[in-house]
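Below is one structure; the comments refer to it alone.
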Amino acid sequence: MTALILSLRRRSTRPQVRELLLRILVAIVAVQIVRFRWGWQCVKHQVQRPDGSWADHQLEHGRDGVRRNRDGRAVEYFRYRFTKGDGATEYRTARVYTYRREWRWSGLTWLPWPARRRTAIDVEFNLEAGGMMSCSWTMKPGESREDCLRRMEAERRFD
30 MTALILSLRR RSTRPQVREL LLRILVAIVA VQIVRFRWGW QCVKHQVQRP
80 DGSWADHQLE HGRDGVRRNR DGRAVEYFRY RFTKGDGATE YRTARVYTYR
130 REWRWSGLTW LPWPARRRTA IDVEFNLEAG GMMSCSWTMK PGESREDCLR
180 RMEAERRFD
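In our numbering, the protein residues as written are 30 to 188.
Written as structure tokens, this is what we have:
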């Protein structure tokens, strides 16, 4: 990198062009270093099984286009009520499972810290609900899938 900067200094005849090229190069290098060192990378993605244990996320798309979950995740179905912006209430069937993810700094994924962890439910609706077919909602400690879905039902607004 230093050799490239030095060659730019020698080759460019006009000072304005040389200065502009150097600034662009330094900006690119700085962005790459910051993104590499301090960006977050997902290192763990797990789903909850019916017995409460956690398994690595595995999803397979068949030739027929159907998704098949090979990880044994616990899936539950609930009735979901949402109120539209005009005040009308509609109901959908929500397919819910629990997952957790962990992110670490990109360049230092081997370190146990700093780490960001999130446990959430993934919700898929049978029909469009407020302009979406699926979403996720962060779970609070000790909360069940249904409790989290009911909290989402109360907090989330569809305009």
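All C-beta atoms in this analysis are idealised placements derived from N, C-alpha and C, irrespective of residue type, glycine included.
Residue ranges of uninterrupted alpha helix (DSSP H) with 4 or more members, entirely inside the stretch 145-185 and ordered along the chain, are 174-184. Here the alpha carbon of Glu105 sits roughly 17 Å from the alpha carbon of Ala84. Trp132 is positioned such that its CB atom lies closer than 9 Å to that of Arg146.
DSSP places Leu140 outside both helix and strand once states are collapsed to three, so it counts as coil. From the listed residues Glu172, Val76, Met162, the smallest Cα separation to Arg121 is found for Met162. Annotation for Phe107: the continuous beta strand (DSSP E) segment containing it runs 105-112. Here DSSP, grouped into helix, strand and coil, assigns Arg124 to strand.
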